[in-house]
Structure formats: C-alpha cells, structure tokens
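Numbered according to my numbering, the sequence shown spans residues 265 to 631.
This report refers to the structure that appears directly beneath it.
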Amino acid sequence: MSTPPLRGALIGYGWIARHGHVPHYQAAKDVTILAVADPTPACRDQAARDFPHARCYADMASLLAAETELDFVDICTPPCWHAEYAIAALDRGLHVLCEKPLATSTAQATAMLQAAERNHRVLLPCHTYKHAPVVRAVRKLLDDNRIGKVHLVTLQTFRNTHAKGIADWLADWRREFRYSGGGIAMDHGSHTFYLAFDWLGDLPTGVTAHMTAQGDWDTEDAYSCTLRFPDGKLAMAQLTWTAGVRRVYYTLHGEHGAITVQDDEVELCVKGEPLAGGNGAVTWSYEKIACPSDWMDASHVGWFGSLFDRFQATIAADQPVSAELRQAWMCVHLIENSYESARSASVARDLSAPVVALSQPAASGRP
Ligand SMILES: NC(=O)c1ccc[n+]([C@@H]2O[C@H](COP(=O)([O-])OP(=O)(O)OC[C@H]3O[C@@H](n4cnc5c(N)ncnc54)[C@H](O)[C@@H]3O)[C@@H](O)[C@H]2O)c1
Numbered sequence: 265m266s267t268p269p270l271r272g273a274l275i276g277y278g279w280i281a282r283h284g285h286v287p288h289y290q291a292a293k294d295v296t297i298l299a300v301a302d303p304t305p306a307c308r309d310q311a312a313r314d315f316p317h318a319r320c321y322a323d324m325a326s327l328l329a330a331e332t333e334l335d336f337v338d339i340c341t342p343p344c345w346h347a348e349y350a351i352a353a354l355d356r357g358l359h360v361l362c363e364k365p366l367a368t369s370t371a372q373a374t375a376m377l378q379a380a381e382r383n384h385r386v387l388l389p390c391h392t393y394k395h396a397p398v399v400r401a402v403r404k405l406l407d408d409n410r411i412g413k414v415h416l417v418t419l420q421t422f423r424n425t426h427a428k429g430i431a432d433w434l435a436d437w438r439r440e441f442r443y444s445g446g447g448i449a450m451d452h453g454s455h456t457f458y459l460a461f462d463w464l465g466d467l468p469t470g471v472t473a474h475m476t477a478q479g480d481w482d483t484e485d486a487y488s489c490t491l492r493f494p495d496g497k498l499a500m501a502q503l504t505w506t507a508g509v510r511r512v513y514y515t516l517h518g519e520h521g522a523i524t525v526q527d528d529e530v531e532l533c534v535k536g537e538p539l540a541g542g543n544g545a546v547t548w549s550y551e552k553i554a555c556p557s558d559w560m561d562a563s564h565v566g567w568f569g570s571l572f573d574r575f576q577a578t579i580a581a582d583q584p585v586s587a588e589l590r591q592a593w594m595c596v597h598l599i600e601n602s603y604e605s606a607r608s609a610s611v612a613r614d615l616s617a618p619v620v621a622l623s624q625p626a627a628s629g630r631p
C-alpha cells in the first residue's frame with residue numbers, strides 16, 4: 265500500500281529553495297508543498313507561480329498559525345533564523361529539513377537538538393555534499409577498504425566570490441555577520457567538516473584556525489584550520505572566496521594508499537610491493553574514476569532527491585536525532601571555537617567535552 269505524500273512548507277523562497285529544492289518538489293509524487301513563507305513580495309509571487317495551489321505568507325508565524333495539515337517544513341532562510349524557526353516548527357510537532365549551517369552558535373544548535381528530542385520529530389540538516397556522485401564514489405572506495413584506515417584528510421574549497429543571494433532581498437547577506445553568523449567558514453565549513461568527520465570516522469577533539477578578510481565586510485573571506493581527532497588523526501582545511509578558480513580538492517590518506525578528489529575526478533593510489541634496494545621505495549598503482557557531479561551548479565539540484573530520500577528514511581526510522589544532526593551540531597561548535605582560536609592569535613581550542621551527547625559513532629556516510 266502506498267503512503268500518502270508528505271505535506272510540506274518552504275520557509276524562505278530564495279535562491280537555494282527555488283533552484284536546489286523546488287525542482288524535486290515539483291517532480292516528486294511523494295511530497296506536496298502546501299505553503300510558503302517569505303517576507304519578500306517578489307519571492308511570494310514566484311512561489312505562487314511555481315505552486316499555484318500553495319498558500320503564501322509574509323512570515324513563518326502566520327504560516328504556522330494558519331496551516332494545520334503540515335508534516336514538515338523546509339527552512340531555506342539565511343542562517344540567523346534557522347534556530348528560531350526550526351524550534352517553532354518542532355514545537356508544533358513538525359519534522360524539519362534545515363539548510364546548512366544548522367545554526368550560528370553552539371547554544372542555538374543545542375536548543376535545536378533538544379527541541380527535536382523533546383518533540384520526537386526529525387531535524388535533518390542539508391548535508392548536500394554527501395549526496396554528490398563523487399563523494400559517494402569515495403565512500404564506496406572506503407567501504408571496499410581500498411586504502412585501509414584513514415588517518416589524514418585535507419580539504420580545500422576555492423571560490424572566486426562569495427555566493428550571492430537573490431537580488432530581491434539582500435544579495436550580499438553572506439558578508440553581514442548579523443545574517444550569516446560568519447564568513448566562508450560559517451557558509452561553507454559545514455560541507456567541509458561533515459566530510460572530514462565521515463572520512464576519519466570520528467568527531468574532532470580540538471581546532472586551531474586562522475582567518476582574514478578583505479574589504480569592509482565584518483566576515484572572513486579566507487580561512488584555514490587544523491582539526492585534531494582521537495588517535496592522532498588530523499584534518500586540514502582551507503576555504504577561500506578570493507581564489508582565482510572555482511574548485512574543490514580533497515585528499516584522504518590511509519594505511520596503504522590515498523584517494524584524491526578534484527571536482528569530478530577521483531584518483532585512487534595504492535601502495536604495492538617493496539622495490540629492490542631496501543630504501544623504503546615501493547611500487548604504486550593508480551586508478552582514475554570519473555564521476556560527473558556538476559560542481560559548477562551551486563544549487564546542487566541533482567543531489568537533492570537523494571537528500572530528501574534520506575529525510576524521509578529518517579522519519580520512517582523514527583530517528584529525531586540522527587548521526588547527521590550530531591555532525592551538524594559539531595560543525596557549528598567547531599566553527600564557533602575556530603573563530604575564537606583565530607581571534608586569539610590562533611591558540612588551540614578544546615572540542616573534546618561537547619555540551620550535548622555525541623556518543624553515537626559518526627555516520628557511515630551512506631546517504
Ligand atoms: N546546501 C547547499 O549547498 C546550499 C547552497 C546555497 C545556499 N544554502 C543555504 O540556504 C540558505 C539560503 O541561502 P540562499 O542562497 O537561498 O539565500 P537567498 O538570499 O537567495 O534567499 C533567502 C530567502 O530568505 C528570505 N527571507 C529573508 N528573511 C526571512 C524570514 N525572516 N523568513 C522567511 N524568509 C526570509 C528572503 O526573502 C529570500 O527569499 C542559507 O542557509 C544558505 O547557507 C545551501
């Protein structure tokens with residue numbers, strides 16, 4: 265027997281909602297959008313064109329007051345509202361899909377986890393990169409034990425500008441701390457850090473960071489950090505909005521090989537037999553795997569169906585606080601601490617005593 269479609273509302277109808285989420289909602293049979301909330305008239309007009317049967321509201325409180333048939337909300341506002349809106353929806357008994365970053369402070373993220381637990385409703389962060397074909401290919405190589413246990417990862421994200429929001433609202437909100445809670449680390453760091461947690465199979469215990477900003481903005485545009493993990497494992501990340509290219513480079517180093525990712529291409533390198541001479545030299549074998557992932561499309565619309573399947577599966581599994589949610593909490597906690605580190609001459613910050621229970625093992629990474 266087929267289950268009835270999930271009934272949802274979109275909160276914030278800007279760039280990611282329209283280009284990253286809506287195409288799936290319009291095409292899928294198992295979800296229906298009943299309502300939209302956005303303070304910007306042009307966005308509500310667009311929503312009315314995209315979903316002629318949906319009701320449009322200027323704010324989320326009015327939507328929650330009027331709508332009685334909802335199963336979930338999908339929060340696509342700038343981060344400053346994520347916590348308040350997610351908690352309001354959870355307290356109304358709704359499931360919540362929330363864009364990254366989960367929140368702009370540890371205190372907010374903790375309150376969100378507690379609201380999910382208290383109401384027994386799913387709160388799932390949009391950890392979209394886990395659903396990229398190239399990241400799935402890396403997960404398969406790790407599951408097949410091709411490089412052994414991973415002890416070091418490097419993650420670089422190069423962008424030639426900050427992403428722009430829609431012009432009808434405030435295109436440069438990412439550079440204003442009051443809306444974004446931070447610069448490139450707050451905006452992009454979640455994607456970097458949940459991949460690091462997944463690949464190292466752990467959560468970090470410490471962070472040291474540096475950051476800089478050009479121009480008059482109050483948020484950073486270049487950022488680097490080192491994360492310490494249990495058993496001496498390490499992740500090093502570099503993120504910038506001032507690069508001369510748009511690209512991601514990731515490397516994973518394991519007991520008997522390495523995986524390198526450059527946008528759509530994965531290279532596997534495996535250590536072979538010792539060479540004669542006894543100076544430690546060995547043979548190496550290389551394998552290239554092409555995984556078209558459409559990195560240039562920042563909406564990542566092609567990955568959203570898999571993410572939404574994960575949201576539905578988490579609801580079906582009755583799992584309010586999933587491994588992804590714990591990872592999202594740690595992303596916010598570490599970004600907050602890394603800002604403290606960067607502001608205080610890059611002193612190391614301790615992450616090993618989290619204020620919420622994170623005892624579950626890190627997610628296997630399989631969406
Ligand atoms: N997962 C990803 O890869 C990805 C990619 C892009 C953006 N995002 C995230 O999506 C969120 C939105 O980013 P965007 O690029 O779509 O921004 P945007 O500026 O294009 O859209 C923001 C929308 O929110 C609306 N809004 C503003 N205040 C509101 C309020 N109080 N209540 C309801 N709506 C309000 C604006 O009118 C606008 O329509 C951010 O959290 C961002 O980090 C995620």
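Ideal placement from N, C-alpha and C gives every residue a C-beta, glycine not left out.
All of these numbers come straight from a predicted model, not from anything done at the bench.
- Here the alpha carbon of T476 sits roughly 20 Å from the alpha carbon of P365.
- Ranking F572, S605, N409 by CA distance to the CA of D294 puts F572 first.
- Along the length of the segment 470-531, whole alpha helix (DSSP H) runs at least 4 residues long do not occur.
- Judged by beta-carbon spacing, L503 lies within the 8 Å limit of A449, meaning their Cβ atoms are closer than that value.
- The criterion of a C-beta distance shorter than 8 Å is satisfied by H415 and K497.
- When secondary structure is reduced to three states using DSSP, K394 falls in the helix class.
- Straight-line spacing of the CA atoms in V512 and G465 works out to 21 Å.
- Put simply, of R613, E604, G453 the residue whose alpha carbon is nearest the alpha carbon of W505 is G453.
- With fewer than 16 other beta carbons inside 10 angstroms of its own, T267 counts as exposed.
- Here E600 is buried, its C-beta having at least 16 other C-beta atoms within 10 Å.
- By the neighbour-count criterion, in which a residue is buried when 16 or more other Cβ atoms sit within 10 angstroms of its Cβ, D495 is exposed.
- Taking the CA atoms as reference points, G470 sits about 7 Å from S616.
- Per DSSP, W548 is one residue of the beta strand (DSSP E) stretching across 546-554.
- When only Cα atoms are considered, E531 and V402 end up about 9 Å apart.
- Beta bridge pairing from DSSP links V295 with L270.
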